[in-house]
Every structure is written in C-alpha cells, then in structure tokens.
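The block underneath contains the structure these notes are about, expressed in structure tokens.
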Amino acid sequence: MVYDGILLGLIVGLFRGGFRYGLHQFAALKLRGGWIFPLLLLAQFGIFFLQEKLAWVASINGYLFAAVYITGLAFLWLNRHYQGFMLIWIGVLLNFIVMAVNGGRMPVSIEASAVLGPYYVDMLREGGAISKHFMMDASTRLSFLGDIIPLSNPYPRTQVISIGDVVMNVGIFLFIQYMMVNRSSKAVQATETHQA
Amino acid sequence: MNFIRNLIHKADRSSMYVVLLSCAGIGIFLYLNKWSYFRLSTDEWVMVYTMLGAALILDYFTFQIPPKGNQQSMDSSVYLACIFMFGGAFSLSVLLPVSLILLIKDRKLAWWKHIVNFSIYSLMIAGAASVFTWTGGIPGALDGYNLLPYFAALAAYFIINTITLGMFFHFSTKDALQQMKRVFVTESLLVYLCTLILALVLTILVVHNGVLGLLLYLSLSILLSHAFKQLFVMYQSIEEKANTDQRTGLFNHSHFENMLESELAIARSQGTPLSLGLIDIDDFKKYNDRFGHLQGDSLLALLGDFLNRKTDGSNVTAFRYGGEEFTLLMPGMDLDQAYAFMNKLRKQLNDTPFEGVEVFPHGCLSFSAGVARYEVDMYNKSQLVDQADKALYYAKKQGKNNVHRHGSNDGMEHEIDLVQDVRDIEQQLNLFRYKDMDTFKHSKRVYKYALDLSELLELDNVEKRNFVLGALIHDIGKLEIPWSILNKKEKLTAEEWETIKGHVTWGKKMAMTNERFADLIPYIELHHERYDGAGYPYGLKGCEIPRLCRMLTVIDSFDAMTTERPYQETKNMGEAIKELQMCSGSQFDPELAELFIRYIQKRTVQQQMV
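Respectively, the protein sequence lines represent chains A and B. For the first sequence, my numbering gives the first residue as 13, with consecutive numbering after it. For the second sequence, my numbering gives the first residue as 204, with consecutive numbering after it.
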C-alpha cells in the first residue's frame, strides 16, 4: 500500500511540476536521521526471515515490530517540518495503536477481505503467528482502525486497507507534491520585477 | 439560581448566546447520535471514512466566487446526502470527526468559534433530518416520486443556518441587520439550491455506484473549484490593474472615490472616526524642470513605494490623487492621530535619501499635507476633500514641509488668506495713486469701516472676507474714467455722468478676470443701487440688493460726504449723520443706516475721550 501513494504522487507531480525539477529537489533533500530508514527496512526483512528459523525470535515477534514502529515514528517525528510528514506520522501511529492493542498484529475484516478471494479468507481463518494479520472478531479492540476498507475495481489493485494506511498515503502524496511542484516560481518573478 | 443570574450579568449578550448555542448544539448531538461510534459495523465505518474524506476534500477545495471573494464550501452537500441515505445520526457521526480535524488543522480560528460552528452544523443536521422523516422521507435511494421531503429538509437546513448565524452576527457586530438581509437572503439562497442539487446527485451516485460514484463527484467538484479559482484569480488581477496607478503602484483616483464613499458610509452608520490626509510633494515642478520628467517619474515611484511600505499592515490606505498629489484614507483615526501619523511620515520622508534633493529648498524630500476629519454634518464626500485641500493650502503657505489640521486655529487660516488677497487688491489700487489719489484713500477708509462693521454685524469668516475685500475693491472701475472727467472741477455734463456711472460695469469686468474675486462682483456692481430702486446700474429695490451691498452703500456715501476736498465744502460728522437720516428709507436701508449711525456716534465719543 505504501507504494500506491508514492506512485500516484509521482505521476501527479510529473504533470504539475516536471521531472527535472523534482529530481533536483529530491537530490537536495536532507532528512534528519536519514540513515534510520534503510536500517528499518533491513530489520523488517531480518525479522521476517529469522522468525521462521529461530523460535525465540518468533516469540518476541510482537516486541520487535513494536520497536520497529517506534523507531519509525521517531524518524518521522524528527522530520515533521516537511509537508505531509505529520500526516504520515498520524497514519503510522493509528496503525501502530491498533496493532499494539491487538497483540502486535493487524486485525482484518472478513467481509472486506472477500474482495481478495476465498484463498486469502481461508488463510486468515486458519490464522497463525507467522502472519502480520489476523481475523477480526468480536473481541478485537479498536476494530475501526483495522484493515476494513476494501479496494477493488476500478482501483487497479485489490486490497484491504486501514484508515491509517489512507492517512499515511495522503501524507506521502502531499510530500511528493511538495517536492516536485515548483512553488517558488511566483516568488522568483516578484524579485525580478523588484530589481527592474 | 443566584449563580446563574450572576453568570448572565457577567457575560455580555453575545457570549451568553454562544454558550446557549453551544449547549443546544452539543446536547442535540449527544441525544441524536447516542455514541453511535461504539455500535458501527465495519462497513459503516468504511462509509464514515469515505464521507469524512469527501467532506474534508470539499472543505479544502472551496469555490471562490467573484466579485467579493465569497468562499463557498460544498461540504453541506455531503451532510445532506448522508441524511438522505443513512439518516441524521449517521450524518452527525461524520460531522464530529470532521470538526475535530478542522479544530486541529485550523488553529487560527478561536476554539470557541469551532464549537459554535459544530453546534450550528449539529442543529442544522438534526433539524433537516427530523423534517425529512416528518415529511415522509425514507433514508436510502432517492425517491423520484416524492421530492417534497428533500426540499423540506433543505429548507429546514437553510432556515436554521440563517437564524443561528444571523443571531450570532447580530449579537457580535452591531449593525448586522441590513448586511444580514443581503448576505443571507439574496446571496446564499442560490448557493443553497446548488447544495441541494449536489446532495441529490451525490445520493444517486453513491447509492448506485458506491465509492466510485463518490470519486466521480469529488473529481467534478475539484475541477469546478479549480476553474472557479482561475476565474477568481483573473478577476482579481484585472480588478487590481483597473484600480492601481501604474507609476506609483498605489491605488488610483477612481478607486479612491469608491473607497471614500464606502468608508464614509461606514463612518456614518457606525459613528467611527474617519480622517483624510492630502499630500503634495513640495517643489516637485522645480525638480521636474531641473532633472527632466523621467527622473521626476522615479521620484513619484519612490514616494508611491514609500507610502505603500508605511501603510502596509495598518488601516491606512494610500492613493495617488493625481499629479504629485496623494491621499491617505485613515478609518478609525481621529484628527490628532491622523496628524501624528502624517507628521511621522513627513519626518521619515525627510530622512529618505534621493538623487538631486539639493534642488529642494529644504535640501531633502518633503511634502506638505492637510488633514481633515469626517463630521456628522457632511452630506457629501467632496466636503471632506475640500477641507483637507484647504488645510494643505495653508500648510503650503506656512513655508511647506509641514502638516496642518483643518479647523485648528481657523482664524489664522483666514487671516493668511485675507492678507494675501488684500495685498493683491492693493496692488491694483496703487494705480490710483498717480491717477486719482482721492479714490485710493477713499477705498482704504471704506475698507477700514467695513472691517469695524463686520465685527458689529457678527459676520462669519467667508462673509467677512467678501465684505471687507468688496469694500476695498468697490471703486476699481474708476480706473477707466478719463483724467479729464475724474479731476474736473466744474459741473459734469449728462454725458460725463453716464461715463462716471459706467465705473460699476467696468469694475465688474476687471474683477471677472480673476476667479478669486468672483465673490466680490456684487459689491463692485451694486454699490450705487438705492433702497428705493432709483439707483444704477439695474435699479434694484429693497431686499433685491444683497444686504452687505446695502451696507456698503451707506459707508460709501458717508465717506464721500465727510471727505475733505479742496475748494469744496465738507460736511462734518453731525451734518453727515443728518444727511444719512434724511435719506434713510430712500437711498439707504433704514435699519443699516441706523446701525451705522450708532457706530459712528459711538466712535466719535471714544475719539473725543482719547
């Protein structure tokens, strides 16, 4: 889901601002604590592989995900002055909250996941500690923050997402717009006339 | 009870209204919504999210409508559509998160205004929903055979909005009634009809196509909003071009006229002070002649920029009035504040360096300015400008580079005018010194009598100026009478008399060459008219002759009688008074003759005492 916001942002940004300016902007981008981001990705993959091989890693799975999320939130918070980062932060926080109160896993609505096909629904029903997701039931807390929004035709991808995902993607979209659209064109004009 | 009474006393009407409104709104919300959030199914949550997003997007993409930049947000159509599809409780469920998000996002607006806003929306939604069900509307797909509930719901929505907002404005701003009528009835009726149609469209789209319908609706709204925005930007840029002066970047004369009119209307209806400053660059012509128009233009541009910067962020607006004249409109400032402001500007301009300032007498850029304030008895806008202009004229006379307030030391303003005018007239009278010394001295004496009498008659400044100057200039036409007739000792022939009589007409023609003496013409032309109608040139009678001209006739004759002339008999004071009394009612206005006699007698007594 993260990629949808990026892709959409890039496409709209291309129309509004232009590729060249956008590239230039991204090259000049300086994020505070920028090294954290790739490290987080690595950690996620690491946990994903290790939890199948080592039982104790699987047992502390919940804590590991919490740690990853908290580091990510801290990273976003450090860069909150960029447009859109506050929204991304809120989105991630919403996801984190619902996972935290449900034992580190994201609850998924059965009705909504019908769009994904019977295979996925069956997989959810069987459950299992491996998956990051589990089936929503009456005991699920804060279910309205879970994966309850079905996406299907005419949307090009079939998915079930949470409100946190939506907020996060809006933030990503806005951030890319902010990077790619040349807002200073007006200001430049003004200084030129002033000099003349 | 005591506690509540105290509270009502402490709070003014508007804040009391705010508290009541908020309580009503929140109460209605709690009663209708009943914490639905705990009971919503995941499907309903998805719908809440969807509508929430739609409302937020519509709130962001407002419709800016020229000419006044009215912003119209279409989020009401979402709430109405929610009522039509799912009922009032659901609509309220969407309203709360929207309000919370706006509260966080829009921190510029005071928090209590957010609450008022939320309460008003709650009341509107609750009202519209109950009217909808009461008139037989069933939540769900649009019922094309029974449109009444939809219109009824919209009407309720509109009426509640008008009443609550109207009362809010009525309590918080004083003169609201008139404005309210215009804003709510004429302007928003159309918008509300639009909202209803949009809500119906949204209902149809969502019921039949779900989220896809909503997306279509949103895309349409965003595109329309974009188009309206372009239109608005275009309108604004054209309006700006029409209202600004290219050279200085300030607003131009025609915009000044418009704004003056509207500010005067505000000052009149709300009783707030309004001051006007008129600025004229000192010796601009000299600068222009020396350095050429191009450089002169850049001086104008500098002053425009200067005024723009100094008035930025304040209530004051600067305009280029024309040429090297500028006006400053200062709403909310009384005369002294305006004076202080202008004087500060003047000093700051003095300290501004500019190329070639050494040609100015003060060695720096400077302006003279007049300030006038709006008075209740002003019936049109030109009066205010006139007063400022007079004050400016006076400031110039004071040696430039200063600011003058209209109405402060009024007498002095006039003294200056009078002295200047007297000097001008005296220059013309000087011609008599070689041709007819008697007339020269006669004019001077009549002028002195007139000065004394204008005190006695308690004339106002304008009347006094005209009377006194009229007395000084009244015989100017005698310059045209040939030497031979003027200094003839023998009795004049009838033909010669006609020539003498001609002096009033010639004098009038001479005075007409100078605009400033236009007011003096009656004194020149009519001082030989008689009260009984036997005078010349017109033979006017009694009150047909202006009162002060009648007065001048008395003075003129009296002085002629008492003037010493060689080889001629002169009347003494007593004889002259007798002559006046005799001719009172025939040649002279009896009342004025009487007044003059009393004045002469009093003066004689005083002189004897000395």
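Here a beta-carbon is modelled for each residue, glycine too, at the ideal position from N, C-alpha and C.
Query                                                                                                                      : Result
Gln-171 (chain A) (DSSP reduced to helix, strand or coil)                                                                  : strand
Sequence-distant residues of its chain with Cβ nearer than 6 Å to Ala-356 (chain B) (five each side left out)              : Ala-331, Val-334, Phe-335
Arg-471 (chain B): CB within 7 Å of a non-hydrogen atom of the ligand MG                                                   : Among the ligands in the structure shown, none appear at all, so the ligand MG cannot be discussed.
For Leu-283 (chain B) and Phe-354 (chain B), the rounded distance between their alpha carbons                              : 11 Å
Completely contained beta strand (DSSP E) runs for the segment 244 to 318 of chain B, where each covers 3 or more residues : 266 to 268, 273 to 275
From B:Asp-663, B:Thr-642, B:Glu-666, residue whose alpha carbon lies closest to that of His-706 (chain B)                 : B:Thr-642
Three-state secondary structure (DSSP) of Gln-207 (chain A)                                                                : Its pLDDT being 32, under 50, Gln-207 (chain A) is placed unreliably by the model, and the measurement read from it follows with that caveat. Note: Gln-207 (chain A) maps to helix in three-state DSSP.
Pairwise C-alpha distance: Asn-73 (chain A) and Ala-141 (chain A)                                                          : Here Ala-141 (chain A) scores only 46 on pLDDT, less than 50, and its place in the model should not be relied on; the value that follows carries that caveat. When rounded, the distance between both Cα atoms is 9 Å.
Identity of the residue in B:Ser-760, B:Ala-721, B:Trp-709 nearest Glu-732 (chain B) by Cα                                 : B:Ser-760
Distance, Ser-322 (chain B) Cα to Leu-187 (chain B) Cα                                                                     : The structure shown does not extend to residue 187 (chain B), since chain B is modelled only from 204 to 813, so the question has no answer here.
Contacting positions in the segment 119 to 148 of chain A - beta carbon closer than 8 Å to chain B                         : Ser-121, Glu-123, Ala-124, Met-148
8 Å contact criterion, which Lys-489 (chain B) and Val-562 (chain B) should meet: CB distance rounded                      : 6 Å
Beta-carbon spacing of Leu-587 (chain B), Phe-570 (chain B) below 8 Å                                                      : no
Rounded distance between the beta-carbons of Phe-361 (chain B) and Tyr-395 (chain B), thought under 8 Å                    : 5 Å
Neighbour list for Trp-238 (chain B) in chain A, Cβ cutoff strictly below 8 Å                                              : Near Trp-238 (chain B) there are no residues of chain A at all, since even the closest Cβ is about 13 Å away, more than 8 Å.
Outcome for Gly-499 (chain B) when other beta-carbon atoms lying within 10 angstroms are tallied against a minimum of 16   : buried
Nearest residue (CA-CA) to Gly-45 (chain A), options A:Leu-163, A:Phe-87, A:Phe-77                                         : A:Phe-87
Cα-Cα separation, Asp-639 (chain B) to Glu-718 (chain B)                                                                   : 26 Å
Where Ile-684 (chain B) falls, given that 16 or more other Cβ within 10 Å makes a residue buried                           : buried
N- and C-terminal bounds of the alpha helix (DSSP H) containing Gly-777 (chain B)                                          : 776 to 786
Alpha-carbon to alpha-carbon, Met-118 (chain A) and Gln-95 (chain A)                                                       : 27 Å
Which of helix, strand or coil DSSP assigns to His-565 (chain B)                                                           : coil
Listed by chain order, chain A residues near Val-249 (chain B) by CB distance under 7 Å                                    : Ile-160, Ile-161
C-beta neighbour in chain A for Tyr-420 (chain B), strict 8 Å                                                              : no
Which of helix, strand or coil DSSP assigns to His-145 (chain A)                                                           : strand
C-alpha gap between Ala-402 (chain B) and Val-249 (chain B), whole angstroms                                               : 20 Å
Beta-carbon gap between Ala-126 (chain A) and Asp-159 (chain A) smaller than 8 Å                                           : no
Given 8 Å, three or more beta-carbon pairs between the segment 234 to 253 of chain B and the segment 296 to 305 of chain B : yes
Burial state of Lys-308 (chain B) (16 or more Cβ within 10 Å)                                                              : exposed
C-beta neighbour in chain A for Tyr-252 (chain B), strict 8 Å                                                              : yes
Minimum Cβ-Cβ distance from Leu-295 (chain B) to chain A less than 8 Å                                                     : no
Any C-beta of chain A under 8 Å from that of Thr-245 (chain B)                                                             : yes
Start and end residues, alpha helix (DSSP H) containing Lys-557 (chain B)                                                  : First, the amino acid is wrong: residue 557 (chain B) is Phe here, not Lys. Unbroken run through Phe-557 (chain B): none, as it is neither H nor E.
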